[in-house]
Structure formats: C-alpha cells, structure tokens
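Using numbering that gives the first Met the number 0, the first residue of the sequence shown is number 0, and each one after it goes up by one. Just so it is clear, CB atoms sit at the ideal spot from N, CA and C, and this is done for glycine as well. From a predicted model like this one, the values you see are computed outputs, not experimental measurements.
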Amino acid sequence: MIVTAGIDVGSTYTKAVLLSDDRRLLGRSLIKTGFRLGAAAADAYREALSAAGMAQSEVRYVVSTGYGRYQVDFRDAQVTDLTAHARGASFFFPGTRTVLDVGGQTVKASRLDETGKVRSFRLNDKCAAGTGAFLEKTARYLGYGLEEIGPLVTTSKQAVAISGVCAVFAESEVINQLSNGSAPADIMHGAIVSLVDRSVQLLKRVRMQPEFTLVGGIMRFETMVGATATRLAAPVNVPPGELVQFTGAVGAAVLGHRRMAKLGRDDSRLASGESSAASSQAASSQATAASGR
C-alpha cells in the first residue's frame with residue numbers, strides 16, 4: 000500500500016489527511032492554525048498519523064497547500080490551494096467542472112477541464128463581507144457561536160436584506176437590523192444570502208458550467224448549500240460531513256500520488272489519473288450531491 004499525505008494550512012484551520020493508493024482516507028485531523036503555521040502543520044500531521052495508526056516512515060510523499068504551505072518544512076512538494084481544491088473536488092465528484100471554495104478569508108471560483116485542471120479562476124476582492132469571516136462576525140454580533148449558525152438559520156422566516164459592499168457597511172447593517180427588532184435568525188439568513196450573491200458573481204466571471212462542487216467549512220451549513228443551489232438554479236455537489244473542509248488536503252494527497260507516478264514509484268489508477276466505473280463509484284460512496292432546498 001502506498002500512502003501520501005496532504006496538508007492544507009489555511010488562515011483559520013489546518014487540515015491533514017492520509018490517502019492510500021486505493022482511494023481510502025486512512026486518517027485525518029483538523030486544528031486551529033493560530034500564528035505558528037509550521038507548528039500547526041506538524042501537529043495536524045501527527046494527529047492524522049495517530050488516527051490512522053501509522054508511523055511517519057510509512058508515508059511516501061507529503062504535499063502541502065494553502066495559505067501557509069511554504070511553512071511546512073517536512074513537505075516533499077507544495078501546490079496552490081486552487082490546484083489542490085480542484086483535484087480534491089474531482090476526487091469526490093469526477094464530473095466537477097466548477098468549484099466554489101468559501102474560506103474564512105477568501106472566496107475562490109474556478110472552472111476545470113475534463114482532467115480536473117484549473118482553466119479559469121477568480122478571487123474575491125479584499126473586502127471581508129464576501130467571506131466566511133463575515134458570517135462568523137455576524138453570528139458573534141447576534142450572540143451565537145459559529146457552530147450555532149446552522150440550527151439558528153433553520154428557524155428563519157424571512158431573510159433580511161444585507162446589501163453592504165464592504166465589511167464595515169455590512170456589519171453596520173447587521174447592527175441596525177438588530178436594533179430595529181429583526182429576528183437574529185432572519186439577520187443571519189440575510190448574511191448568508193448576501194455571501195451567496197457575491198459568490199455567484201465570482202462563478203459567473205469564470206464562465207461557470209455544471210457540475211458544481213462546493214467546498215470550504217461554511218458549506219457544512221445546509222442553508223448555505225441550499226441558497227447557493229437555488230441561486231444557481233442547478234444541483235450542487237458537496238463532500239459529506241466534515242470532508243467538505245478537507246477537500247484541499249485530499250487534493251494535495253492525490254497530487255502526491257501523481258508525483259510518485261512521475262518518479263516511477265506509484266502505478267495505481269489514482270496516480271495515473273485514469274477514471275473508471277470503479278473509481279467513480281468509490282468517489283460517490285464518500286460524497287453526496289445536494290440540490291436546492
């Protein structure tokens with residue numbers, strides 16, 4: 000068995016996965032990144048190894064990605080997060096042609112070709128109103144934690160309009176809505192709709208086409224997924240459960256197998272990039288498709 004590791008050092012969280020050449024995710028870990036990026040990567044890697052019951056010597060190749068990818072001093076290679084998320088999305092859903100990645104500090108839209116390579120991409124501007132951090136700040140203003148966003152929004156009766164084009168103005172709108180007696184659930188729902196609208200504008204700029212795959216921690220919330228699918232008027236793919244946060248790390252690990260193949264040390268289908276009914280079925284068994292609700 001050939002095992003590679005993918006480590007995604009994001010601005011908010013660091014994720015690590017171990018991937019075998021027969022497409023099995025053997026272990027994974029997610030920790031807060033903090034200020035010591037290299038230490039976060041090492042800690043996440045160590046936890047993933049522990050979860051898999053493996054020693055570091057059993058991992059043949061390590062690929063880092065994300066905001067802090069250059070701080071991973073034990074890496075064999077590094078790739079951009081756009082490339083990693085493209086490969087990760089294609090691992091879970093081989094038919095992916097457009098990827099939307101909503102992170103804590105950035106939102107990225109990319110269009111892929113049939114091999115999973117990025118052909119066009121766009122990033123959000125520097126304003127935080129279009130990122131996951133805006134939702135976290137909104138929840139904090141309303142007196143809720145990040146993990147409470149999902150349950151809160153399910154009680155919303157009507158999304159209030161949050162139209163500010165920058166974080167300062169958008170946050171002012173949130174405070175004003177709260178002062179005017181709007182329900183917290185409706186305000187949170189409005190913040191999600193605002194984020195979805197900005198995200199879809201990015202998708203249009205890459206000349207989006209189905210299949211759509213949504214990744215990033217914010218996509219754990221069904222309301223976010225449903226609002227995006229509704230806005231696109233199309234079904235969307237979402238890796239199941241926590242795996243939606245690990246897409247970049249998975250993609251990095253997939254690319255590790257590809258690099259091993261170039262070195263003549265991995266001849267698996269995963270490494271060669273071949274697609275087959277069996278591999279597609281394996282990917283489908285680990286992921287689920289969601290449509291508008």
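From 221, 159, 184, 247, residue whose alpha carbon lies closest to that of residue 235: 221
Within the same chain, show all residues whose beta-carbon is closer than 6 Å to that of residue 115, passing over the 5 residues directly before and after it, in chain order. 85, 86, 89
Neighbour-count burial assignment, residue 44, 16 or more Cβ in a 10 Å radius: buried
I want to know whether the segment 100-108 touches the segment 251-265 - three or more CB-CB distances under 8 Å. no
Give every residue of the same chain whose Cβ lies closer than 6 Å to the Cβ of residue 118, excluding the five residues on either side of it in the sequence, and list them in chain order. 110, 112
Which residues mark the beginning and the end of the beta strand (DSSP E) in which residue 30 is found? 24-31
What are the start and end residues of each continuous beta strand (DSSP E) run of 3 or more residues lying completely inside the segment 111-156, in chain order? 117-122
Looking at the unbroken beta strand (DSSP E) that takes in residue 71, where does it start and where does it end? Unbroken run through residue 71: none, as it is neither H nor E.
8 Å contact criterion, which residue 223 and residue 205 should meet: CB distance rounded: Rounded to whole angstroms, the Cβ separation of residue 223 and residue 205 is 20 Å, and the two are not in contact under 8 Å.
Is the segment 69-81 touching the segment 36-52, taking contact as three or more C-beta pairs under 8 Å? Because the criterion of three Cβ pairs below 8 Å is met, the segment 69-81 and the segment 36-52 touch.
What is the residue span of the beta strand (DSSP E) that residue 9 lies within? Careful: residue 9 lies outside any beta strand (DSSP E) and carries neither H nor E.
One or two residues paired with residue 254 in a DSSP bridge: BP columns for residue 254 are empty, so no partner.
Using the Cα positions of residue 262 and residue 233, report the straight-line distance between them to the nearest angstrom. 41 Å
Separation of residue 82 from residue 67, as counted between CA atoms: 15 Å
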